[in-house]
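First up is the structure itself, then whatever we jot down about it.
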Amino acid sequence: MPPYFYNDVQPKKPKQGLTRSGPRVKLTKEARAQATARQRERSQAYSKDLDDAWTTLGGTVENLAKDHGKSVVAVQADLALGRAQVTRPHVEKTSAWNAFLWKKAQERKEAGKDSLGREALRDLATNYRPIYELLTDQEKQVIIRELDEHKATEAKSERANNKSKVKDITHTISAVEKELTNLNFRTGAEVLLFVARGSTNLSMKGAYFVTPRLEGFLGSIQQDPQDLLMRMEGFAVQGLKGTAHSHKARMSSIRTELRAEIQQALVNMSGQPEARMKWKNFWRDIVSKYHVVVDGWPEHIQFGNLSDVVTSLADLETLLRKWRSGAIHFRSISEEEFKQMLDKRNEQIENGEIDEPPRKARSDKGRKRQRSSSSADAGPRKRKVKITSSETVDSDGDGSDSSSSDVASSAETVDDGDSE
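Each residue of the sequence shown is one higher than the one before, starting from 1 at the first, in the UniProt record's numbering.
Here is the structure:
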């Protein structure tokens, strides 16, 4: 029999002829506009019907949750997984070949040989292939069971950093709040929930959740929710010692430390020991005077006086940590950069985007000012004396000369007194 090659096989002719596209019709401008309008109408109708379907579905979800005592989230999850319930589930079956390679890799690892990397896998597949072919089905099943047991008992850990922890807490609290809200709607149970961090390494804000009928409960017993959160956090971190400081005292302490940190940073950058931080007139007293700006200020925290704009303890701690680490800092600017900033600021003032704060009035405005000590040492002020008597007095008697001399002598006496 002559050798058989695949190249000698002749392909069968297709039973169906090649499909040919019809001639392309060129539409006029009016026809193209009408086609576009019809397409737009169909798209809008589809969107409207889709929105109506979602609205109807939302009402159906609420009715199902109310009738069967389920939460809205649970019903939504069941509806989303409904398609997967009617389809064939995907079952992962352990391969005998993979189990065999895993077994040999474990043996090489116990013997002190390198069993990692592509080269090791290639060597395993090449050298142990004949051995695998000699295994019986029972021996393969034993190896598969060993691998399955190893997968079931293998410790799996997920790397969790600070950001992932905060995200996990936020999502969990949000889900719990939804469940508690649904529970309140179904049963009328009122809930008061507080969540505080248990470590200073976790940068998160304390949160509390309260149902509508308990909103004024804390105020009726003269308790501040933030104060309670602060005490809970202090107790969780430091025990009874941590509950000694109230929320306001803690905020005041951190605010004082933050102001000292900002003040020292301004002195170091400007080189002026007498420099003082001015929040209200920051542009005039800081930027214009020392040619420095603040970089790294968080976007979610308003820039301004700490007592006015920062009302959260977590925000104060964030600012203090960033100032100490250098994430927020003063930066010196050049004269050219300052001119650009000045032009932009003047334009914003002209457009009414920002208001130029007025200068502070004198503390003694509207009152009579006292003389300074230097002017007081110069002696009494000269008093102007107005002489009301005439220079000459007409008299027929003999006392005319004496009267004129008396007036002159009295005038001289007044002048001498003033000169002293």
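Positions of the beta carbon are idealized from the N, C-alpha and C atoms, including for glycine.
- Here W54 is exposed: its Cβ has fewer than 16 other Cβ atoms, across all protein chains shown, within 10 Å.
- Each residue's CA atom was taken as its position, placing E149 and V142 some 11 angstroms apart.
- In the displayed model, Y46 falls within a helix according to three-state DSSP.
- Between the stretch 123-139 and the stretch 168-182 there are fewer than three C-beta pairs closer than 8 angstroms, too few to call the two in contact.
- Sorting A175, G69, Q44 and K29 by C-alpha distance to the C-alpha of R186 places G69 at the top.
- At least 8 angstroms separates the beta-carbon of L202 from that of L193.
- F330 places its beta carbon less than 8 angstroms from that of M269.
- Per DSSP, H150 lies in no beta strand (DSSP E); the unbroken alpha helix (DSSP H) holding it starts and ends at D137 to T153.
- Burial of I328 is indicated by the presence of at least 16 other C-beta atoms within 10 angstroms of its C-beta.
- The residue from E177, S312 and E274 with its alpha-carbon nearest to that of I301 is S312.
- When secondary structure is reduced to three states using DSSP, V191 falls in the coil class, being assigned neither helix nor strand.
- Taking C-beta separations shorter than 6 angstroms and ignoring five residues to either side along the sequence, the partners of L147 in its chain run T94, A99 and W102, following chain order.
- With a cut-off of 8 angstroms on Cβ pairs, the stretch 254-262 is in contact with the stretch 304-323, counting three or more such pairs.
- The C-beta of A45 has fewer than 16 other C-beta atoms within 10 Å across all chains shown, which makes the residue exposed.
- S332 and R276 have their C-alpha atoms some 16 angstroms from each other.
- One Cα belongs to V309, the other to K280, and the distance between them is close to 12 angstroms.
- For R24, no alpha helix (DSSP H) segment is defined, and its DSSP state is neither H nor E.
- A direct Cα-to-Cα measurement between P212 and A189 gives close to 11 angstroms.
- In this structure, I144 sits away from A105, with a CB-CB distance that is not shorter than 8 angstroms.
- The beta-carbon separation of L229 and A196, rounded to 5 angstroms, stays under the 8 angstroms limit for a contact.
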